[in-house]
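Here the protein sequences come in this chain order: A and B.
For the first sequence, position 70 matches number 70 in this note's numbering, and the numbering has no gaps at all.
In this note's numbering, each residue carries its 1-based index in the second sequence increased by 1000.
Have a look at the structure below, then the notes.
There are 2 protein chains.
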Amino acid sequence: MSMATSQGTNKKSRIAILGTGVMGTAITQIYQKAGYKPVVWNRTLSKTKPLTDAGSDLATTVSEAITAGDLIISAVASYENLTEMLKNVQISGQGKILVNICSGTPEQARAFGTFIASKNITYLDAAAMSGVKRVGDPEGLFLYSGDYSNFMKAEPLLKILGKAKYLGSDYGLTPLYDTALFTMAWGGLMGFYHASALIASENIDVNDFAQIASGHTPFLNSLFKEHARAIGEGKYPNEDGNVEVHAAAMQYVVDVSRDKGLKADFPLLISGILNKSKEAGLGGNGIASVIEMIKNHG
Amino acid sequence: MSMATSQGTNKKSRIAILGTGVMGTAITQIYQKAGYKPVVWNRTLSKTKPLTDAGSDLATTVSEAITAGDLIISAVASYENLTEMLKNVQISGQGKILVNICSGTPEQARAFGTFIASKNITYLDAAAMSGVKRVGDPEGLFLYSGDYSNFMKAEPLLKILGKAKYLGSDYGLTPLYDTALFTMAWGGLMGFYHASALIASENIDVNDFAQIASGHTPFLNSLFKEHARAIGEGKYPNEDGNVEVHAAAMQYVVDVSRDKGLKADFPLLISGILNKSKEAGLGGNGIASVIEMIKNHG
């Protein structure tokens, strides 16, 4: 496969896109912009029209798309859909790499990897972590797992879509990290929304708060790294304050929230977990020890 | 007051520290390290010994400390404690600035501001946002509110403690931001802990995950800024996915967490709020619209 040369991207590489929903469309447009002529397929062929009008080629069947592509990017909804699409397709996959961006479980990714190996197509499991809007943005994050040498082959083309982070050979790593990062991001957002409600209750501009909150995430990053080490070692130093101190502070957030007429579900959840940790005898430990309450030992 | 010159910090400024618990001790040590000779006071005088042994001067009364100090930093536990300490003190506060680092409500900060004005002492309300460990670290964040010209006078000395962020003249801004940033940070941590539990359930190193999670916070920052704009305008564009799509994805996190034997309280809380938003007819809106569920209109 001549997907890329050591000099960079070989513009003769052909990119096929399976599924032209919002993600597939964004991906196709980025490759068009970068000077490629993608081949697009969609279950409802008419939905590819904006892309073919803009210069992409139409594949009328999945097998036509795969035959045309060196790099095949699937942006259909699920592993089931993709398996169904590929099941009865007769193709020579030799030298082709299929990159599949859909959400699912590690088990589904691994099972799909086994299935696709039977088609003689090289596989990379992928996830777009920064949403459709940031496709093509160098700061947008994409995750990949599968054979490293195949990732290296595809990387020059994948970097056109955004930051390309390789996780390891196990296909299951991408869905696992996808779920974990989604959960982490929602924690940050939920905290930000509750904080914004507190700020807004005093008629302060939430845009000003967002600036300061953004300036505070490097602190959060340093806690992630320190607390990961603590979690890995199963020992929780309390230099960022112990569970007991944080439980009291979070109870205070609950009280202030209620005073302001806000629903306190979010700080209540955290104070509940901190209180459970206290009851479990972890009150003097660092706050990362609350992971023991999530791990459900009891 | 000759606290600082336009050339920088005037080493002749005298710093008084009220309360030498962990925070007051860390602050005193940083000023000692920077070449100052602080004056320290603590309710239990013997607790100042490590600091006076290291070269700080002892004030045996609060009034002695305030008389000695140009900049007085209080690190006692509460507004009540500080008010009690100062109530019967006869001092000439002219030209002195009191910086008070304690947690409390905006109302307490404002009431304390009124009280301290009667003592003729200029006041800045303060909060240490990055914990004791990062006192003296240029990346450690301190918040201040009060009269801007007084903040400017004190700033060269305050910058020795860390990043000095001025919020505005209303004393209540510091406690409000303190509570909001604490809530935001706990959201990020809770998300990170749950995510780490998912990662650990597949025997993947959480330190590797922390690296990738840290690399993902610039994305979170851009969401903070965009969603703050949406919250400010009360219009929620769904370009990061709508409430309905996120509700389904969060239900999936709940399911995976349970499959892995984890307690799903955290993803359940978020999926509950997303589902309430859906029921309230906000399913097609952007996810920042969940703030309407916190604002308790129903």
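Virtual Cβ for every residue (Gly too), placed ideally from N, Cα, C.
Because the structure is a prediction, the values reported are computed rather than measured.
Below 8 angstroms between beta carbons: does that hold for residue i and residue j?
i                       : j                       : result
residue 1240 of chain B : residue 1223 of chain B : yes
residue 123 of chain A  : residue 146 of chain A  : yes
residue 183 of chain A  : residue 1191 of chain B : yes
residue 91 of chain A   : residue 60 of chain A   : no
residue 167 of chain A  : residue 143 of chain A  : yes
residue 270 of chain A  : residue 293 of chain A  : no
residue 104 of chain A  : residue 175 of chain A  : yes
residue 1069 of chain B : residue 1116 of chain B : no
residue 187 of chain A  : residue 1187 of chain B : yes
residue 1267 of chain B : residue 1277 of chain B : no
Since I believe residue j is in contact with residue i (beta carbons under 8 angstroms), could you give me their beta-carbon distance rounded to a whole number of angstroms?
i                       : j                       : result
residue 1163 of chain B : residue 1139 of chain B : 7 angstroms
residue 100 of chain A  : residue 74 of chain A   : 4 angstroms
residue 157 of chain A  : residue 72 of chain A   : Contact doesn't hold; Cβ gap of about 11 angstroms is too wide.
residue 216 of chain A  : residue 1141 of chain B : 6 angstroms
Quick check: what's the CA-CA separation for residue i versus residue j?
i                       : j                       : result
residue 33 of chain A   : residue 161 of chain A  : 11 angstroms
residue 1238 of chain B : residue 1287 of chain B : 7 angstroms
residue 218 of chain A  : residue 65 of chain A   : 44 angstroms
residue 58 of chain A   : residue 48 of chain A   : 7 angstroms
residue 1279 of chain B : residue 265 of chain A  : 17 angstroms
residue 199 of chain A  : residue 1208 of chain B : 34 angstroms
residue 22 of chain A   : residue 1242 of chain B : 13 angstroms
residue 82 of chain A   : residue 76 of chain A   : 7 angstroms
residue 252 of chain A  : residue 275 of chain A  : 13 angstroms
residue 179 of chain A  : residue 27 of chain A   : 22 angstroms
residue 1102 of chain B : residue 1126 of chain B : 7 angstroms
residue 62 of chain A   : residue 30 of chain A   : 21 angstroms
residue 296 of chain A  : residue 1295 of chain B : 32 angstroms
residue 1245 of chain B : residue 1283 of chain B : 8 angstroms
residue 291 of chain A  : residue 1053 of chain B : 41 angstroms
residue 263 of chain A  : residue 1285 of chain B : 20 angstroms
residue 1149 of chain B : residue 1110 of chain B : 18 angstroms
residue 1004 of chain B : residue 1020 of chain B : For residue 1004 of chain B, the predicted model reports a pLDDT of 48, less than 50, meaning its position is unreliable and no value from the coordinates is stated.
residue 171 of chain A  : residue 39 of chain A   : 26 angstroms
residue 1113 of chain B : residue 225 of chain A  : 39 angstroms
residue 213 of chain A  : residue 1181 of chain B : 6 angstroms
residue 1036 of chain B : residue 1153 of chain B : 17 angstroms
residue 1255 of chain B : residue 1249 of chain B : 10 angstroms
residue 1133 of chain B : residue 289 of chain A  : 19 angstroms
residue 80 of chain A   : residue 236 of chain A  : 42 angstroms
residue 202 of chain A  : residue 1177 of chain B : 11 angstroms
residue 107 of chain A  : residue 173 of chain A  : 10 angstroms
residue 1185 of chain B : residue 42 of chain A   : 42 angstroms
residue 89 of chain A   : residue 128 of chain A  : 26 angstroms
residue 1193 of chain B : residue 230 of chain A  : 11 angstroms
residue 87 of chain A   : residue 1234 of chain B : 47 angstroms
residue 205 of chain A  : residue 1169 of chain B : 15 angstroms
residue 211 of chain A  : residue 1046 of chain B : 43 angstroms
residue 137 of chain A  : residue 98 of chain A   : 22 angstroms
residue 1281 of chain B : residue 135 of chain A  : 29 angstroms
residue 151 of chain A  : residue 51 of chain A   : 27 angstroms
Count the other C-beta atoms from every protein chain shown that fall within 10 angstroms of the C-beta of residue i, then say buried if there are 16 or more, exposed otherwise.
i                       : result
residue 13 of chain A   : buried
residue 1196 of chain B : buried
residue 259 of chain A  : exposed
residue 85 of chain A   : buried
residue 165 of chain A  : buried
residue 1024 of chain B : buried
residue 1056 of chain B : buried
residue 1261 of chain B : exposed
DSSP beta-bridge partners for residue i?
i                       : result
residue 164 of chain A  : A:142
residue 122 of chain A  : A:97
residue 1200 of chain B : For residue 1200 of chain B, which the question treats as bridged, DSSP gives no partner whatsoever.
residue 286 of chain A  : A:242
residue 71 of chain A   : A:15 and A:97
residue 58 of chain A   : A:40
residue 1128 of chain B : B:1142
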